[in-house]
Amino acid sequence: MGYYGQGCDKSCPGLVEDASGTVECNGNGLCNVTTFKCECNEGDFVPETCAPKQSSCEHGSLEDGLCICDTDYYGDRCSVHCSWQEECHKHGICSKSGQCECVYGFSGTKCDTECNRASTCHGHGDCVGGGYCVCDAGYEGEYCEKKEADYSMVVLLFVVANVVVAFLCAPQFNPDQLAARRKHEAGQSLLQPSTASSAMPAVKVTVNSPQDKWVCPACAFSNPASAKKCVVCNSERGATKKKEEKEDIFGDDEEEVSIKRTRKGGQKTGRSSRAKEVKAAVEEPKKEDAAIPANLELLPVDAKEGEKEVFSNESIRIAIVMKKFDTPNLFNVLCRFYTLGDQITDFSATFSAPKYIMMNSYPLSSSTITADAPATQQLVCLLTEEKELKVRISGLFMLDGKQVSLQTGSITIM
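Each residue of the sequence shown is one higher than the one before, counting from 1 in UniProt numbering.
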């Protein structure tokens, strides 16, 4: 990269090669591959090589076209002052751009705001590095101040509303259809010939005989007209004995229509029991037992592709590399522990997770952590529900002859 032509012998001025890669025009411009001249970005640069001029390094020196900043100065031109003791109030470190990156328990652009579960996260979450809240299950929002929406009651009300509509629209409760049926039945009876007398006898039609009645009113609107057994309470049609009958007479001597009403006895079936049955019907079935497979191929201990930092304080930094197995919701997490200062000895760590996460932890690679040799530990996690993968890390170690405890709070991995 950076060389052109058939013999790869042509390049633009200001070609810089180091361990991190290759840049053209000192990283401050573009190479014209036709003329092999640099086209510099806007700013104070040497036209031929796009190198910063000596005067552009406000608090540093120019070496090989790059500004080498003095202590506590950052940025491309060493113009940003940042001290972990002053600007970051001893609760963070300065990034390459001169911004404060806060340790666990503090937040803000200057790391001067203390972050804790009770005040910052409203008692419903844990603080992580940078002062961000990781919310407990059932809460959401930047500071865990809102409850997650619960739609179970909406579903229940929708089901109950449909039952009520079906009840009100049933033919036996529609006055117009009931009157039309009575008139039709009376007319059919009047058309039958009489051999006993020329006078037309009174016609008596009985509707809803005891054999057609149900145990409770709920059965009437919960079952089709042809049903013999109730789908709700499993009782048979006509099983209830009538306690009292009342007969209403409609029409005159030539047309008499009666409707017998039977009051039911026995235990009442209330709307609350019906609602409970509907609610039970929509509940999810129990999940089958899950288990972590054996003989899994874990990540190499030196794997670093995709590594990301999940926790940091004044003494230790934790990063992870994650791998997803072919088995659904099964993950391998490689945890790597770095020291941010002197050597750490007698290090130990324990992991905990919510109930819906099954987890196996493997032995720690070393109880001693140096600047050149971090410690690693492997985890295998199986999610039994479609929720976040998160863990909590606790530990103890010796630093400068003193015992130090480690508490990360809840760390969301995915």
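Ideal Cβ positions, reconstructed from N, Cα and C, are used throughout, including at glycine.
Close CB contacts of A373 within its chain, under the 8 Å cut and outside five residues either way in sequence, are with S366 (chain order). Per DSSP, Y3 lies in no beta strand (DSSP E) and is assigned neither H nor E. Under the three-state reduction of DSSP output, C57 falls in the coil class, being neither helix nor strand. Pairing C88 with C111 gives a Cβ-Cβ distance under 8 Å. A straight-line Cα-Cα distance of about 5 Å links V404 and F397. Judged by beta-carbon spacing, E24 lies beyond the 8 Å limit of C40, meaning their Cβ atoms are not closer than that value. Counting the other Cβ atoms within 10 Å of the Cβ of K213 gives 16 or more, which makes it buried. Secondary structure of Q99 (DSSP, three-state): coil. Here the C-alpha atom of E388 lies approximately 22 Å from the C-alpha atom of N116. In this structure, the alpha-carbon of A290 lies about 20 Å from that of L298.
Nearest to D346 by C-alpha distance, out of T368, N32, V321 and M358, is T368. Going by C-alpha positions, G7 is about 13 Å away from M1. Here V301 carries a coil assignment [DSSP, helix/strand/coil]. When DSSP states are grouped into helix, strand and coil, M153 belongs to the helix group. Scanning its chain for C-beta atoms nearer than 7 Å, with the 5 sequence neighbours on each side dropped, one finds around C57 the residues C67, R77 and C78, in chain order. Under the DSSP assignment, V333 falls in the beta strand (DSSP E) whose first and last residues are L330 to T339. When rounded, the separation of the alpha-carbon atoms in Y356 and V310 is 21 Å. Residue pairing by DSSP puts L62 in a beta bridge opposite C67.
Counting the other Cβ atoms within 10 Å of the Cβ of K53 gives fewer than 16, which makes it exposed. CA-CA distance, F158 to E86, rounds to 59 Å. Per DSSP, K37 is one residue of the beta strand (DSSP E) stretching across K37 to C40. Between L330 and A319, the alpha-carbon positions lie close to 20 Å from each other. Counting only residues of its own chain and dropping the five nearest sequence neighbours on each side, V46 has a CB closer than 7 Å to the CB of K53. Residue pairing for M414: DSSP places it in no beta bridge. The beta carbon of N360 sits closer than 6 Å to the beta carbons of I292 and V380 from its chain, once the five residues preceding and following it are set aside; these are given in chain order.
Here C31 is bridged, per DSSP, to C38. The straight-line gap separating the alpha-carbon atoms of T370 and V321 is approximately 20 Å. Q378 is positioned such that its CB atom lies no closer than 8 Å to that of A349. Ranked by Cα distance from V333, the options S312, E305 and D342 are led by E305. Straight across, the Cα-Cα distance linking E385 with P354 is about 11 Å. Under the three-state reduction of DSSP output, G187 falls in the helix class. Residue burial annotation: L30 is exposed, with fewer than 16 other C-beta atoms found within 10 angstroms of its C-beta.
C-alpha of Y143 to C-alpha of Y3: approximately 52 Å in a straight line. With distances taken between CA atoms, N26 lies nearest to E63 out of C133, T412 and E63. In this structure C94 is in contact with C82, their Cβ atoms being roughly 4 Å apart against a cut-off of 8 Å. For A375, the closest of D302, V160, F337 and G341 by C-alpha to C-alpha distance is F337.
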